[in-house]
Structures are given as structure tokens and as C-alpha cells.
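Below is one structure, written out as C-alpha cells, with a few remarks after it.
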Amino acid sequence: MADNQSPSISGLERHRGRPFGRRTLLRGAGVLGASLVASTLSGCDYDDDALTFFFQANPEEADARMRVVDEFQRRHPGIKVRTVRSGGDPMQQIFTFCAGGKCPDVLMVWELTYAGLADRGVLVDLNTILAQDPTYAAELKSDSVPALYDTFEFKGGQYAFPEQWSGNFLYFNKQHFDDANLRPPGSWEDAWSFAEFLDSAEALTKRDASGKVTQWGFVDTWVPYYSASLFGMNNGASWSSPWNDPGRMNFDDDAFIEGVQFYADLANKYRVAPKTADQQSMSTIDLFARGKAAMAMGGHWRYSTLSETAGLDFDVTVLPVGPKGHGSWSNVGTTGLAISASSRRKEAACEFVKFVTGPVGQAVIAESGLFVPALKSAMNSAGFAKAHIRVHNLDVLTGGPARSRHLPVTPAWERVDALMDRNFGPVLRGVQPATSFKTDLAADVDKVLRNQ
Amino acid sequence: MTVREKAPAPTVPPRTGNRSVLARRQATAGRIFVAPNLLAVAVFMLFPLGFSLYMAFHEWDMFTPAKFVGWANFHRLFTGDPLFVIALRNTVAFTIGTTVPTVVISLIVAATLNRKIKGIGVFRTILFLPLAVSTVVMAVVWRFVFDTNNGLLNIMLGWIGIGPVPWLVDPKWAMVSLCLVSIWKSVPFATVILLAAMLGVPEDLYEAAKIDGAGAIRRFFSITVPLIRSALSLVLVISIVNSFQAFDQAYVLTGGHGGPQSATYVFGIMLFQNAFAFGDVGYASALAWVMFAILLVITVLQLRFSRRNSLEQ
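First to last, the sequence lines map onto chains E and L.
If you're matching positions, the first sequence starts at 23 in the working numbering and goes up one per residue.
If you're matching positions, the second sequence starts at 4 in the working numbering and goes up one per residue.
Below you can see the structure in the form of C-alpha cells.
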């Protein structure tokens with residue numbers, strides 16, 4: 023009996039003898055852990071009344087964006103806006119958010135990729151908003167640039183309203199051009215040819231005694247295989263037929279191939295542009311910002327960075343036209359604002375989208391210099407001109423949206439993009455001619471479009 | 004002895020009762036302690052496994068309801084997707100290019116560190132440091148090292164008269180670069196396992212071999228290698244599995260698309276791209292199960308081979 027009792031008695035004594043027993047400690051730890059988990063989970067839950075707005079921006083752009091958001095909140099004190107900034111790949115982030123049931127109310131969407139979201143039912147058809155507010159609808163339609171507005175129309179629905187034009191043009195270093203006694207065109211109507219552009223780029227490429235390039239004639243700050251396609255477009259070819267929900271891409275078009283080959287030759291044959299290896303240690307935008315390149319292809323999203331670069335005197339000009347081209351064209355680069363179909367704050371989201379894409383919000387955007395606004399009234403406003411006081415060829419920006427051609431709008435874009443990335447690689451590296459598109463890329467892409 | 008051993012059972016029945024109470028309590032406590040882990044295994048391993056198997060037979064874009072398609076995803080994978088063949092070829096090349104050098108280098112390094120020299124602990128610590136570095140951080144640093152014009156590696160090669168190598172730009176060199184980074188990351192772990200096994204080899208065997216006139220290399224191949232066979236087998240299996248599932252280093256090192264020109268397009272990249280860029284979760288799940296099946300076959304074959312070898316010995 024003594025043996026039997028001793029463990030429990032001694033245990034009891036130990037328990038009584040210590041103010042903080044083992045079990046108490048474990049229970050306490052358990053409660054603490056559970057409360058920590060609970061508080062962490064509740065900390066992740068942003069289930070308040072704030073309207074969530076998802077967008078991508080570099081730090082300079084984000085500041086200007088917040089000015090628009092602040093102005094909206096000042097005019098709509100009842101609607102609180104919480105911004106969600108995108109990481110490196112916004113589409114993957116939107117997929118993850120929305121598939122996980124945490125889709126932001128208002129989404130910034132891109133012309134090339136929004137169709138994938140619209141096709142899956144992630145976005146609201148904004149025609150419902152337009153039907154409820156015919157006055158707003160009429161104003162928006164009359165003040166919009168058709169190319170930008172129509173880009174977000176897919177299978178009969180309007181899935182976003184454009185908020186900016188982000189098509190491509192050329193930035194040029196005024197000092198370098200003056201030194202070479204050259205003058206690029208000042209408007210889309212006064213375009214230069216591939217040959218004139220190449221002559222200028224060759225004159226602007228400088229080498230040291232060892233032959234190492236110290237100043238490039240041309241650099242590309244966009245996605246190389248998109249830029250190459252834009253050269254194809256400026257040689258008279260369109261990317262796809264038709265541009266909206268296309269049945270085929272025109273990668274095997276002779277004019278397209280010729281334009282792409284010219285772009286590839288700039289780096290590989292004429293050596294006026296850096297090859298991929300030359301861009302590893304310094305990005306192309308840094309090359310231009312530091313005066314190591316005379317021309318840079320890009321959109322207005324580069325403007326904030328370049329305008330804040332000390333000692334850089336730059337202006338803008340248009341893209342060159344190929345021998346088969348009919349005038350200089352940019353691309354319908356645009357982002358729009360869309361509303362998530364799962365949003366529980368659709369009314370507030372609607373107010374926000376109408377504000378940012380409407381005359382007031384667009385005027386704020388114009389004055390901020392953040393974007394080239396999508397509405398004609400804001401684009402041609404004094405505020406926009408004032409925000410771009412350093413730009414002499416302002417027509418390149420204000421006339422850009424109307425001189426833009428559509429990029430393909432298809433839900434299969436991500437797959438097409440992967441194929442382009444793969445097949446343009448050897449052409450842009452100079453390992454294969456662009457005519458190789460006829461045998462591989464064109465057939466593969468058409469297969470993807472057929473099977474979507 | 005017999006009486007003393009048997010005596011307590013009939014004379015002290017309550018003790019048995021208390022024992023069972025205590026045993027039950029201990030068992031309950033044990034279950035409570037194990038429960039969180041079991042729960043985690045169920046939620047984060049068993050459920051995703053079962054779910055991905057279910058999804059492998061469906062077409063699902065994460066938003067619209069899943070549609071049962073039978074074996075269509077597998078059929079498309081084997082007959083309709085040229086990228087599967089590219090990914091398989093790259094993954095096999097990467098696995099061989101990583102596993103073989105990892106095992107060889109780890110053996111040499113472990114044998115070098117398996118010495119009683121003053122300050123050997125410092126060398127061991129330095130060698131194991133890569134284990135503590137995040138793969139993404141490591142890959143970012145290696146990108147700078149592999150820079151064609153200004154990278155450390157090409158600068159060093161320049162000192163011995165070798166011209167700049169396009170490490171991450173040329174498709175052939177991109178795969179070599181990826182293998183180099185993975186080897187650098189894998190060697191420390193493999194060395195730890197092999198060194199631990201080498202430390203367990205009885206010293207008297209080496210002394211006996213020495214007396215018989217065996218040299219260092221002979222002792223290594225005739226004593227060390229056979230006695231660490233099970234550790235070597237473990238290292239081999241882990242290296243193959245890790246290489247086959249490689250994703251993060253390839254994603255960061257070559258830009259996330261398996262470039263340039265699909266040269267580093269391995270299964271991990273293909274799976275991620277299909278699931279999160281194309282939103283084709285069913286197809287990605289089918290690919291994941293194909294990867295699992297391939298790994299299972301390799302592992303079983305490898306284990307059988309090593310078991311047969313040990314029996315023959």
C-alpha cells in the first residue's frame with residue numbers, strides 16, 4: 023500500500039510544494055499558444071468596411087497614386103480605401119487572392135491579361151454600371167479614346183474602364199543628339215524610317231580605343247520580344263487576326279518577320295544596341311538615365327524615374343516605320359480599373375472606378391504627371407502640360423493613344439506569351455533568323471488558340 | 004526469484020489498477036502531444052496529396068467548378084505537350100549533373116574533414132555555412148557571380164586567360180550554371196551525413212589495414228566506402244529527390260520561365276507555370292503525380308540495388 027500511495031502522495035506533495043506545476047505550465051502554454059494563433063488569424067482578417075484597391079506601381083508612381091486615392095476619400099468621406107500593392111507578378115497575385123476568396127474589390131488590370139480573368143468570371147461586366155447611369159456612360163464614351171476603351175471589351179462585356187495610356191515611344195537624350203547634330207521627329211505624323219533610325223543609332227553609338235562601347239545608340243526598356251513585335255507592327259503587320267479573341271497570330275507574316283529581324287539586327291548585326299549579356303550588370307533604363315544610351319524605348323511609366331534623374335536632359339520621339347509600314351504606330355498599352363465579381367462592396371467600388379476613370383480623377387492624374395490619362399479632356403488639359411514642362415514634343419504623348427494599334431486580347435495570352443518568350447529567344451540572340459517563326463512559333467501559337 | 008517475481012501480482016491488485024490508470028494517462032498525454040503534428044500532417048500533407056490526386060483527373064481553373072476529364076490530363080501530358088519532353092530531358096540532365104558531382108565532392112570533402120587535425124572544427128563550420136543560406140538569397144548572389152561582363156567568376160577566369168563565359172545567357176551554359184549552384188548548395192548536407200557515417204567506422208580496421216600495408220586510397224575504397232554504404236545510399240536518394248523537385252533556384256537564377264530558350268525548363272518550373280500562370284490546376288496536378296511516380300520508381304530501384312549489393316557482400 024505504501025508503495026502504491028507513495029507516487030501519488032509524493033506527486034501531490036510536489037504539486038502542493040510548487041506554486042507552478044508541470045501541468046499548469048503545459049496548460050498555460052497551450053492557452054497562450056491557442057490565443058497567439060487566434061490573434062494571428064484574426065490579424066490576417068481584414069474584414070472591415072474598407073474598399074480594397076489592388077495596383078502595381080514603383081515607389082514614385084505609388085506616391086502619385088495615393089494622391090488620387092486621397093482625393094477620392096476627401097470627396098467621399100464615407101468610403102475608406104485600403105490599397106494593396108502588387109509584387110513582381112500581379113496576375114499570379116490576383117489569381118491567388120481571388121481563388122483564395124480574398125479578391126480585392128477594385129483591381130488594376132492590363133490589356134494583355136485581363137481577358138483571362140474576364141473569361142473565368144472574376145470581373146464584373148461594367149455595362150451594368152453604364153446602364154444604371156446613362157449620363158455618365160455618354161460622357162465617358164465621348165471623352166474616351168476608342169482604341170483604349172474598346173480594348174477592355176471582351177465577348178460582349180466591358181470588363182474595365184481605361185485609366186491611362188502606356189503605349190511605347192522613344193525617349194532620347196537631347197545632349198547626345200545635339201552633339202551629333204541630329205534631330206528626331208516631333209510627332210507621329212512626321213515619322214522616321216527604319217533606315218533613318220539606324221543611321222542615327224549608328225552615329226550615336228560611341229566606342230573607346232579598345233572597341234568597347236561607351237554609349238549605345240538604342241536601348242530597350244520594355245519586354246524585348248514585345249518590342250520586337252512592335253517593330254513588326256510598324257512594318258505594316260498586325261499581331262493577330264482579329265485583335266480581339268483572335269483565331270490566329272500573324273507571326274508568320276513576312277512584314278512582321280522583317281520588322282522583328284530589323285530589331286534583332288540592331289544588337290547582333292549593327293551593334294548599336296546592347297545584347298543580353300551587356301545588360302546583365304546594368305539595366306537598360308539605368309544605361310539611359312546615366313547617359314550611356316542615346317535612345318530608350320519605353321512607355322510613360324518610365325517618366326517619373328527619368329524626370330527625377332539629376333543631369334539628364336531628355337525628350338520624347340516616335341517609333342520608326344519599316345519599308346512596308348504605313349505611318350508610325352504605338353501599341354494600345356493601357357491599364358484599366360475593374361471590379362471583382364465577388365466584391366461585397368460593389369457600390370463603393372463603382373464610385374471609386376467612376377471617380378478615377380472619370381473627368382475629376384483623370385484631371386488629378388494629369389496634374390500628377392503619373393500617367394498619360396485615358397480621357398481626352400485630361401490628356402489635353404493645362405494640368406497635364408504643366409506636369410510635363412520638360413517635354414518639348416508633347417504631341418508624342420497626347421497624340422499617342424490615337425496612334426496606337428491593338429495588341430491581341432485573348433484568355434490564352436499567358437500560354438502565347440510563354441511560347442513567344444521561348445521562340446523569340448534565339449532570334450533576338452542572333453542564333454536563328456526570324457523566318458524560323460514560320461515553321462515553329464506560328465503553328466504552336468495557333469494550336470494554343472484553337473484549343474483554348 | 005520466481006516467487007519474488009510472481010508475488011506482487013495476486014497480493015497487490017490495486018497496483019495493477021493504478022498502473023493501467025497511469026498507462027492510460029500517459030497514453031492520453033502522448034496522443035495529445037502527437038495530435039498537433041498529426042493534425043499538421045493531415046492538413047498540410049495528406050489532404051493536399053489526396054486533393055491533387057483528385058484534381059489530376061479534373062479540369063479546374065480555380066474559379067469555375069472542376070470538370071471530370073478522366074485520364075485526359077495524363078494523355079495530353081504524354082502525347083500533346085512538347086514541353087513535357089523538354090522538361091523531362093532538362094530534369095534528367097539536371098539530376099545527373101547535380102547528383103553525381105554532389106556525391107563525389109561530398110565524399111572527398113567528408114574524407115578530408117575526417118581527420119584529427121587541430122582546428123578541423125573551424126573548417127567543418129565554414130563548409131556547412133551554405134546550409135544556413137536561403138536558396139533564393141543564394142541564387143540572387145550567384146546571378147551577380149555569373150554576370151558575363153562583370154561577374155566574379157568571369158573575372159577570375161580572365162586571370163587565367165579564359166574569355167568571358169555566357170553563363171546565364173547561353174542555353175548550354177545556363178544549365179551548367181544551375182547545376183553548379185545546386186551542387187554548391189547540396190554538398191554541405193551530403194557531407195554532414197557522410198562525415199557522421201565515417202566517424203562511426205571502427206579505427207582498428209584502419210590500423211589493421213595499415214599494418215597489412217594498405218595505402219590511404221586503398222583504405223578509403225576498401226574500408227570507408229563499403230562501411231558507409233547505407234549513408235551513401237541515403238545521400239544519393241535525397242539528392243535525386245531534391246534535384247527532381249528543383250524549383251526555387253531555377254526560378255530565381257534564370258528569370259522564372261525556364262529560359263534562356265527553355266534550357267532550364269525543369270519539372271518544377273513547368274508545374275508552377277501551369278498551376279499559377281496558366282491557372283490549369285488539374286494539368287499541374289497530373290504532372291505532379293507523374294513526377295511522384297518517376298521518383299518512386301527510381302527510389303525503389305535504387306534501394307533494391309543497394310540492398311542486393313549489401314547482401315552479396
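Ideal placement from N, C-alpha and C gives every residue a C-beta, glycine not left out.
Range of the contiguous alpha helix (DSSP H) that encloses residue i
| i | result |
| --- | --- |
| L:Val195 | 174 to 202 |
| L:Ile99 | 85 to 116 |
| E:Asn290 | 276 to 290 |
| E:Glu83 | 81 to 97 |
| E:Tyr158 | 156 to 165 |
Below-8 Å beta-carbon distance, residue i vs any chain E residue
| i | result |
| --- | --- |
| L:Phe279 | yes |
| L:Gly282 | yes |
| L:His61 | no |
| L:Ala262 | The question names Ala, but residue 262 of chain L in the sequence shown is Gly. Judged by the 8 Å Cβ criterion, L:Gly262 is in contact with chain E. |
| L:Pro51 | no |
| L:Val255 | no |
| L:Val172 | yes |
| L:Pro169 | yes |
Where residue i falls, given that 16 or more other Cβ within 10 Å makes a residue buried
| i | result |
| --- | --- |
| E:Leu429 | buried |
| L:Ala30 | exposed |
| L:Leu134 | exposed |
| E:Lys102 | exposed |
| L:Leu202 | exposed |
| E:Met348 | One detail in the question is off: residue 348 of chain E reads as His in this sequence, not Met. So E:His348 counts as exposed. |
| L:Lys213 | exposed |
| L:Leu73 | In the sequence as presented, Leu is not what sits at residue 73 of chain L; that position holds Gly. L:Gly73 is exposed by the Cβ-count criterion. |
| E:Gln384 | buried |
| L:Thr101 | buried |
| L:Tyr153 | Here residue 153 of chain L is Asn; the residue named in the question, Tyr, does not match the sequence. The residue is exposed, with fewer than 16 neighbouring Cβ atoms inside 10 Å. |
| L:Trp145 | buried |
| L:Val143 | exposed |
| E:Ala464 | buried |
| E:Arg36 | Reliability of the predicted coordinates at E:Arg36 is poor, the pLDDT of 45 falling under 50, and the value obtained from them is presented with this limitation in mind. E:Arg36 is exposed by the Cβ-count criterion. |
Interface partners of residue i on chain E, CB under 8 Å
| i | result |
| --- | --- |
| L:Phe66 | Cys120, Ala121, Arg142, Gly143, Val144 |
| L:Val300 | Ordered by position in chain E, no residue passes the 8 Å Cβ test against L:Val300, which lies about 29 Å from the chain. |
Under 9 Å by beta carbon: chain E residues contacting residue i
| i | result |
| --- | --- |
| L:Val244 | The contacting residues do not exist; L:Val244 stays about 26 Å from chain E at best. |
| L:Gln276 | Glu436, Ala440 |
| L:Val46 | Under the 9 Å cutoff, chain E gives no residues; its nearest Cβ is about 13 Å from L:Val46. |
Listed by chain order, chain L residues near residue i by CB distance under 9 Å
| i | result |
| --- | --- |
| E:Pro206 | By Cβ distance, chain L contributes nothing, its closest Cβ being about 29 Å from E:Pro206, past 9 Å. |
For residue i, the first and last residue of its enclosing beta strand (DSSP E)
| i | result |
| --- | --- |
| L:Leu132 | L:Leu132 -> no beta strand (DSSP E), and no H or E assigned at all. |
| E:Trp132 | 128 to 132 |
| E:Val103 | 103 to 107 |
| L:Ile231 | Note, L:Ile231: premise wrong, no beta strand (DSSP E); not H, not E. |
| E:Ala316 | 315 to 320 |
| E:Thr360 | With the sequence shown as reference, residue 360 of chain E is identified as Ala, and Thr is not the correct amino acid for it. Unbroken beta strand (DSSP E) run through E:Ala360: 356 to 361. |
| E:Gly143 | No beta strand (DSSP E) holds E:Gly143; DSSP gives it neither H nor E. |
Chain L residues whose Cβ lies nearer than 7 Å to that of residue i
| i | result |
| --- | --- |
| E:Glu161 | Those within 7 Å of E:Glu161 in chain L number zero; the least Cβ separation is about 33 Å. |
| E:Phe76 | Per Cβ cutoff of 7 Å: no residues; E:Phe76 is ~16 Å from chain L at best. |
| E:Glu436 | Ala280, Phe281 |
| E:Phe310 | Those within 7 Å of E:Phe310 in chain L number zero; the least Cβ separation is about 18 Å. |
| E:Ala137 | Residues of chain L passing the Cβ test: none, with the nearest at roughly 12 Å. |
| E:Phe273 | Within chain L, no residue comes near E:Phe273; the closest Cβ sits about 17 Å away, beyond 7 Å. |
| E:Phe117 | Met65, Phe279, Gly282 |
Chain E contact residues for residue i, given Cβ-Cβ distances below 7 Å
| i | result |
| --- | --- |
| L:Thr151 | Ala299, Gln302 |
| L:Ser265 | Arg444 |
| L:Val228 | Within chain E, no residue comes near L:Val228; the closest Cβ sits about 42 Å away, beyond 7 Å. |
Proximity test, Cβ basis, 8 Å: residue i and chain L
| i | result |
| --- | --- |
| E:Asp443 | yes |
| E:Glu369 | no |
| E:Gly447 | yes |
| E:Ala182 | no |
| E:Gln114 | yes |
| E:Phe459 | no |
Distance cut-off 7 Å: residue i Cβ against heavy atoms of the ligand FMN
| i | result |
| --- | --- |
| L:Val136 | For the ligand FMN, the structure offers nothing, since it holds no ligand at all. |
- prompt: For the 8 Å Cβ check, are there 3 or more pairs between the segment 56 to 64 of chain L and the segment 276 to 288 of chain L?
  reply: Segments in contact, yes.
message: For the segment 84 to 91 of chain E against the segment 381 to 396 of chain E, do three or more pairs of beta-carbon atoms, one drawn from each stretch, fall closer than 8 Å, so that the two count as touching?
response: Flag = yes, the segment 84 to 91 of chain E and the segment 381 to 396 of chain E touch.
message: Between the segment 333 to 345 of chain E and the segment 255 to 264 of chain E, can you find at least three pairs of beta-carbon atoms closer than 8 Å?
response: Contact holds: three or more Cβ-Cβ distances are below 8 Å.
query: Do the segment 195 to 205 of chain E and the segment 349 to 360 of chain E meet, that is, are 3 or more Cβ pairs less than 8 Å apart?
result: no
query: Touch check for the segment 263 to 280 of chain L and the segment 47 to 56 of chain L: three-plus C-beta pairs under 8 Å?
result: no
query: With contact counted as at least three CB pairs below 8 Å, one residue from each stretch, are the segment 235 to 247 of chain E and the segment 164 to 183 of chain E in contact?
result: no
- prompt: Looking at C-beta atoms only, is the number of pairs between the segment 172 to 179 of chain E and the segment 139 to 147 of chain E that lie closer than 8 Å three or more?
  reply: As far as the Cβ criterion goes, the segment 172 to 179 of chain E touches the segment 139 to 147 of chain E, which means the pair count is three or higher.
query: Within the chosen definition, does the segment 450 to 463 of chain E reach the segment 373 to 381 of chain E through at least 3 CB pairs nearer than 8 Å?
result: Too few Cβ pairs lie closer than 8 Å, so no.
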